[in-house]
Structures are given as structure tokens and as C-alpha cells.
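Here's the structure we're looking at; comments come further down.
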Amino acid sequence: MEKKDVSGSETITEKLSEKTPWIFGDYLRKPKIQTPKFKRKISLPMPSRQLGLLVIFIILFILQTGVLYFIYRQPPAIGATQEGDPVFIFQDLHESYIVEGIVASILIFVSSVGYLLLYQASKYVFNRKIALRILVFGIILIVFAFFALQYMLSIKTGTFRQFLQQIIQNYA
-5 MEKKDVSGSE
5 TITEKLSEKT
15 PWIFGDYLRK
25 PKIQTPKFKR
35 KISLPMPSRQ
45 LGLLVIFIIL
55 FILQTGVLYF
65 IYRQPPAIGA
75 TQEGDPVFIF
85 QDLHESYIVE
95 GIVASILIFV
105 SSVGYLLLYQ
115 ASKYVFNRKI
125 ALRILVFGII
135 LIVFAFFALQ
145 YMLSIKTGTF
155 RQFLQQIIQN
165 YA
């Protein structure tokens, strides 16, 4: 039995096309491209993993604050009542103030740090005391961020005010 010569451009699609010619036929094939070879290699320093993670978190933080929404809609940074008292949370679900977006993004960031701490706790399997501290702190951050975001959402939808009114009616 003779081995079949496999060229460098043969792909899984080509191998499948031999068995299923009615689907792929002779039209779907990876082209043979020769990239230029440079004599002098360019060596760029590789950033550390911590720097990469920091850049990713900064980009996520900026996107989570709603920068694109703020650029497009141009809402005020903070609102005010008719009496002049400051309002940090817009009462409509589909609108927001700049401060509200920043606070929500900070809370999502805190929750993300909590999940990173859960991951870090798994690295200290043999040191139970440190792993437990990191694990508990991560869970506390996640739960705090969750309930703070739920509180903000309940203020936006008005359910928190209704809830407080029901408590006052029941116990007053």
C-alpha cells in the first residue's frame, strides 16, 4: 500500500470534498500563498500577561460605562429635581446619566475582580487558610456588586419605591 502524497495546502475541506463531492466540489480550496521571508527578524518586546489583562479591563470598563451611548446621546452628567436636589439615577429604563453609567461599570468591574479572586483561590489548594480567605472575599465582592446593581435597577424601574411604600403601609 502506497502512501498518498499530501501537499501543504490540502485542508480538511479538500479531504471531505473527495468523500462528498456534491457538497464541496472542486470549487472550495485553500489557495497556496507564499509569504515573503525577511532576512532580518523584527523583535518586538512581548508585554507581560498582567499588562495585557490590565489593558483588557480598561477597554471593558470604558465600553461598560456606555461611552458610545454617551457620545451619541450626549446626556447630562447628573440630573436635578425641580427643587434643585441632585439625582444620580435616571427614572427611565432606557436612559441614563453619565454618573450612573460609571457607577454601574465600577460595580461590574468589582464583580469581575470577585470572579478573578475565585480563580486565584483555586491556585492555593494546599494552603487552605489563604484559599478560603480569597474565596470568601471574592464571593463577597460578587454578591455586593449583584445586589448593588439590582438596587440601582429597582430604583430605575420604580419597584423599590413601591416596595418601601408597601412596607410602610403594612407596618405603620
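Take the sequence shown: its position 85, counted from the start at 1, is 79 in this note's numbering, and no numbers get skipped. Cβ atoms here follow ideal geometry from the backbone N, Cα and C, with glycine treated the same way. Please read these numbers as outputs of a predicted model, since none were measured by experiment.
A straight line joining the alpha-carbon of Y113 with that of G132 spans about 9 angstroms. Burial is judged here by how many other beta carbons sit within 10 angstroms of a residue's own beta carbon; I128 has at least 16 and is buried. The beta carbon of N164 is closer than 7 angstroms to none in its chain, skipping five residues each way along the sequence. When DSSP states are grouped into helix, strand and coil, V93 belongs to the helix group. Residue burial annotation: F82 is exposed, with fewer than 16 other C-beta atoms found within 10 angstroms of its C-beta. Taking C-beta atoms under 8 angstroms as the contact rule, P80 and I72 qualify, at a distance of about 6 angstroms. Spatial neighbours of L111 in its own chain (CB-CB distance under 8 angstroms, excluding positions within 5 residues in sequence) are listed in chain order as I128, L129, F131, G132 and L135. For V119, the secondary structure class from DSSP, reduced to helix, strand or coil, is coil. Residue F84 holds the alpha-carbon nearest to the alpha-carbon of T75 among L62, P69, F84 and V61. DSSP places F154 in the uninterrupted alpha helix (DSSP H) bounded by T153 to Y165.
I100 and R122 have their C-alpha atoms roughly 30 angstroms apart.
If you compare the alpha carbons of P69, S106 and R67 with that of I52, the shortest gap goes to S106.
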